[in-house]
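Going down the list, the sequences are from chains A and B. Numbering of the first sequence is given in the working numbering, commencing with residue 1 and proceeding in unit increments. Numbering of the second sequence is given in the working numbering, commencing with residue 185 and proceeding in unit increments. In this text, a Cβ means the ideal position worked out from N, Cα and C, and glycines have one as well.
Number of protein chains: 2
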Amino acid sequence: MGKKGTETRDRLLDATQELIETGGYFGTGLNQVVAASGAPRGSLYFHFPGGKDQLVGESVRRAGRAVTDTLAGAEPGPSAAEFVAGVLRQLGDRLAESGWRKGCPVATVALETAATSDLLHDACSEVYRSWEAALRARLEGRPDADDLAVTVLALIEGALLLARTHRSREPLERVTRQINALLS
Amino acid sequence: MGKKGTETRDRLLDATQELIETGGYFGTGLNQVVAASGAPRGSLYFHFPGGKDQLVGESVRRAGRAVTDTLAGAEPGPSAAEFVAGVLRQLGDRLAESGWRKGCPVATVALETAATSDLLHDACSEVYRSWEAALRARLEGRPDADDLAVTVLALIEGALLLARTHRSREPLERVTRQINALLS
DNA sequence: AAAAATATGTAGACCGATCTATTAAGGAGT
DNA sequence: ACTCCTTAATAGATCGGTCTACATATTTTT
């Protein structure tokens, strides 16, 4: 793959990632992706012969990998509770600064495609498993690390959903205040 | 409104409620609604002149009210932790029995329409507030009942999302095991 | 009480717009 | 010269929404 080809491919993935996080799978048309990326229609199907599902699938995995890396790469300094509080604050910043558009880059697609596309569905499932593993690594040593990792992930996803729906940081702040009870 | 008119209207709402819970807002076409309800297209726009948004909006509020009533009407016997555990078990049953289609009847629409339709968006927000209030009523007396209600709601929503995505009760079970730490 | 008038609801063909996907041809890079 | 990639026209299906004609109640008038 030549240089220009790779650039176009990346631009398509960037545009898709941005658009589906805001509008979801069905809410994002390929016309929008093509317009936002600047790439022509034909290039889309050259780089992603699998069509929309392949394009969105790779975007979701890409976005998921970025989060996993952030979670795994953070300094191991603070306590588990402080770590989660930091994640929630960071997510709240991102959500508010984006005008309540950018919550979880996976959740909308996961719910929309739960009943239809296995390809996308599996991609979302794997991303969540990957985040779960990254969180579990931060809770190492605790006897119930497995349960706790899933619980913390559920808490984060639920709080993000509520915060985005209410267009307010309030749910994130309330959850943050209760984290100590869980991770004490 | 005559008897037959009310019946048709209800059938349309029933079909919509069922379909959007599985497929979401954009994933559900009015053709599907019309086919599933047995009502003709014209009747849809007679009973819901506001079109798809009005139809889905009323469906969401209707589904939300049903849940609120269930939450508020449950016997006040068990402890808060046992109450939440019961809710999670019930949600898990519903999810599994529906073939992993029926999770939260609001979440998908809330995320899909967060950036587009204020009408639907507000409907989802109000439903969540109503559930939050119902949960808070079960935690009366605690000094941090406000924070706890939101936290429990976030936990439920997040666990449902993960369970639906993984097609497994595992996340619900793990969260259930951690509830005591939160509501001890 | 019969008949006319009005409201209520049904029925489905139809509209333009938009959707995803395909195609055949030509340009750019090496 | 040969592969890699772009370009734009277009196909065919489906989308939400509108329209007119018709049927069935309900009320008003006589």
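- The alpha-carbon of A/Leu135 is positioned some 32 Å away from that of B/Ile204.
- Between A/Arg94 and chain B, the shortest Cβ-Cβ separation is not below 9 Å.
- When secondary structure is reduced to three states using DSSP, B/Cys308 falls in the helix class.
- The stretch 99-114 of chain A and the stretch 284-299 of chain B touch, with no fewer than 3 CB-CB distances between them shorter than 8 Å.
- Interface flag for B/Tyr209 against chain A is set, since a Cβ pair is found closer than 9 Å.
- Sixteen is the threshold: since fewer than 16 other Cβ atoms of the shown chains lie within 10 Å of the Cβ of B/Leu303, the residue is exposed.
- When C-alpha distances from A/Asp146 are compared across B/Thr212, B/Ser227, B/His231 and B/Arg358, the shortest belongs to B/Arg358.
- Taking one beta carbon from each stretch, the stretch 238-247 of chain B and the stretch 276-295 of chain B have 3 or more pairs nearer than 8 Å; the two touch.
- Scanning A/Ala159, A/Gly50, A/Leu153 and A/Arg164 for the CA closest to the CA of B/His305 turns up A/Arg164.
- Looking from the CA of B/Leu345, the closest CA among B/Pro260, B/Cys308, B/Trp284 and B/Leu366 belongs to B/Trp284.
- Residue contact with chain A for B/Ser368: present (Cβ-Cβ distance below 9 Å to some residue of chain A).
- By the rule that beta-carbons nearer than 9 Å mark a contact, A/Ala110 touches chain B.
- Straight-line spacing of the CA atoms in A/Glu132 and A/Ala149 works out to 6 Å.
- In this structure, the straight-line span from the alpha carbon of A/Gln178 to that of A/Ala39 is close to 46 Å.
- Within chain B, the residues placing a beta-carbon under 7 Å from that of A/Pro171 are Val334 and Ala338, ordered along the chain.
- The beta carbon of B/Gly287 falls within 9 Å of a beta carbon belonging to chain A, placing the residue at that interface.
- The residues Leu356 and Thr360, in chain order, have a CB closer than 6 Å to that of B/Leu272 in the same chain once the five nearest residues on each side in sequence are set aside.
- For the C-beta of B/Tyr312, the chain A residues within less than 8 Å are, from N- to C-terminus, Leu162, Thr165 and His166.
- The C-beta distance from B/Val240 to B/Thr200 rounds to 6 Å, short enough to fall under 8 Å.
- Looking at the backbone, the Cα of A/Ser43 and that of A/Thr8 are separated by about 8 Å.
- No residue range can be given for B/Phe210, since it is assigned to no alpha helix (DSSP H) and is classified by DSSP as neither H nor E.
- Here the alpha carbons of A/Thr22 and A/Glu75 stand approximately 30 Å from one another.
- Put simply, the CB of B/Ser243 is far from chain A, with every gap to its CB atoms at 9 Å or more.
- Distance from the CA atom of B/Gln238 to the CA atom of A/Ser168, rounded to whole angstroms, is 25 Å.
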